[in-house]
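Data block below; observations after.
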Amino acid sequence: MKHLEKYRGIFPAFYACYDDAGEISPERVRALTEFLMDRGIKGVYVNGSSGECIYQSVEDRKTVLENVMEASKGRLTVIAHVACNNTKDSQELARHAQSLHVDAIAAIPPIYFHLPEYAIAQYWNDISAAAPDTDFVIYNIPQLAGVALTLSLFREMRKNPQVIGVKNSSMPVQDIQMLKAAGGEDCVIFNGPDEQFVSGRAIGAQAGIGGTYGVMPELFLKLDELFCEGRMEEACRLQYAIDSIIYKMCECRGNLYAVIKEILRINEHLDIGGVRPPLPGLSEADYPIAKEAADMICRARKAFC
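Just add 82 to the spot in the sequence shown (first one is 1) and you have the working numbering.
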């Protein structure tokens, strides 16, 4: 139980950092890591959806993780998402992550082919076996992966002592309650949908991993603080403010992470590049919307932080 304490709190999902040619930029990876630490972040989730992992090579993902680890120098709890759509590459990333001494690895289920539960369990256990000294987090995001973490599959995975938790990004908040009940006290459930952080925490999640945390880290750190202190009315007001910012960002035609990167340029003077095709970048009409969202973040900081 004690070693699980490091998994409590706010874990921004780390963004892909590209140079002007669209390749991984080690310098920009380190700059984003330092920015998050400067804002008080204690843990990150690397090479997941927000890191555009689906569009990156094994070597790209190794480069990202190496530079996060170099910049953090042991000051962050690092969860590295290592899933690829085949076991061999996933195991290679798992071994690499363990060699860098990450705290945990994580994996979505295989996508495209609809595999039976025993095959999904075998895939996750094979990945875990490649990093035998490292904790394992199941990533449940059925709306994108096309596969849901059922309670029967979760119970099977809990037989693996390395499995310490679930990043739950399914939309029904009740799923968190069911997973928490099935996992027990020695299992960490991370709330996934940013728009329901307070709801997820209230029903049993001990932490959160989110794709918008990194563009407004102070707001999510404050939200977690308000929840932990039992100041629920204030927490709900802040959650509503955060949700309004997210809805504004989603008005853009370009991909959400392209919008987030533009806001980081505006508010933080932090340039981590664009997004990798086929993700769409920003259109001309998107820039004023991104600026409005950036201003909303600044106003929320003044109001709540």
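Where is the CB? At the ideal position from N, CA and C, for every residue including glycine. None of the values given here were measured: they were computed from a predicted structure.
Q: Work out the CA separation of residue 116 and residue 122 for me, nearest whole Å.
A: One C-alpha to the other measures close to 10 Å.
Q: Please name the residue or residues paired with residue 357 in a DSSP beta bridge.
A: Answer is none; residue 357 lacks a bridge partner.
Q. Between residue 126 and the rest of its own chain, which residues show a CB-CB distance below 7 Å, the 5 nearest in sequence each way excluded?
A. The answer, listed in chain order, is 93, 94, 96, 118, 150, 158, 160.
Q. Do you know offhand how far residue 105's Cα is from residue 130's?
A. 17 Å
Q.
Three or more C-beta pairs under 8 Å: does that hold for the stretch 336-354 against the stretch 300-319?
A. Flag = no, the stretch 336-354 and the stretch 300-319 do not touch.
Q) Looking at the structure shown, is residue 163 part of a helix, part of a strand, or coil, going by DSSP? A) strand
**Q.** Beta-bridge pairing of residue 377 - partner residues as DSSP gives them
**A.** Looking at the DSSP assignment, residue 377 forms no beta bridge with any residue, so it has no partner.
**Q.** First through last residue of the beta strand (DSSP E) which encompasses residue 329
**A.** Residue 329 -> not in any beta strand (DSSP E); alpha helix (DSSP H) instead, spanning 314-331.
Q) Taking three-plus beta-carbon pairs below 8 Å as touching, is the stretch 309-319 in contact with the stretch 341-360? A) no
Q.
Once the 5 residues before and after residue 182 are set aside, which same chain residues still bring their CB inside 7 Å of it?
A. 147, 148, 151
Q | Buried versus exposed, by CB contacts within 10 Å (16 or more), residue 215 | A | exposed
Q.
Are the CB atoms of residue 246 and residue 203 within a distance shorter than 8 Å?
A. no
Q) What did DSSP end up calling residue 102 once you bin it into helix, strand or coil? A) Here residue 102 sits in coil by DSSP.
Q. Is the stretch 189-204 touching the stretch 264-271 in the sense that three or more CB pairs, one from each, lie closer than 8 Å?
A. no
Q) From 164, 156, 253, pick the residue whose C-alpha is nearest to that of residue 139; which is it? A) 164
Q) With residue 328 and residue 285 assumed to form a contact (beta carbons below 8 Å), what rounded beta-carbon distance in angstroms separates them? A) With 8 Å as the limit, residue 328 and residue 285 do not qualify as a contact, their Cβ atoms being about 20 Å apart.
(Q) Going by DSSP, what residue range makes up the alpha helix (DSSP H) through residue 113? (A) 108-120
Q) Can you tell me whether DSSP reads residue 94 as helix, strand or coil? A) strand
Q.
Assuming residue 261 and residue 273 are in contact, meaning their beta carbons sit under 8 Å apart, how far apart are those beta carbons, in whole angstroms?
A. That belief does not hold up - the Cβ atoms of residue 261 and residue 273 are roughly 11 Å apart, past 8 Å.
Q.
Tell me the DSSP secondary structure of residue 195 in three-state form.
A. coil
Q) Under 8 Å between the Cβ atoms of residue 256 and residue 271? A) Against a cut-off of 8 Å, the Cβ pair of residue 271 and residue 256 comes out as no contact.
Q | Simplified DSSP assignment, three categories, for residue 273 | A | strand
(Q) Here's the rule: buried if 16 or more other CB atoms are within 10 angstroms of the residue's CB, otherwise exposed. What is residue 222? (A) Buried, because 16 or more other Cβ atoms sit within 10 Å of the Cβ of residue 222.
Q | Pick from 281, 283, 277 that is closest to residue 294, judged by C-alpha positions | A | Nearest C-alpha to residue 294: 277.
Q: Report back the beta-carbon spacing between residue 373 and residue 354 to the nearest angstrom; my notes put them in contact at under 8 Å.
A: So it is not a contact: roughly 18 Å between Cβ atoms.
(Q) Measuring alpha carbon to alpha carbon, tell me which residue in 90, 166, 100, 85 is nearest residue 356. (A) 100
Q | Separation of residue 172 from residue 235, as counted between CA atoms | A | Spanning the two alpha carbons is a distance of roughly 20 Å.
Q. For residue 314, is the classification buried or exposed, using 16 other Cβ atoms within 10 angstroms of its Cβ as the cut-off for buried?
A. exposed
(Q) Need the endpoints of the beta strand (DSSP E) that residue 137 sits in, please. (A) Note, residue 137: premise wrong, no beta strand (DSSP E); not H, not E.
Q | Buried versus exposed, by CB contacts within 10 Å (16 or more), residue 85 | A | exposed
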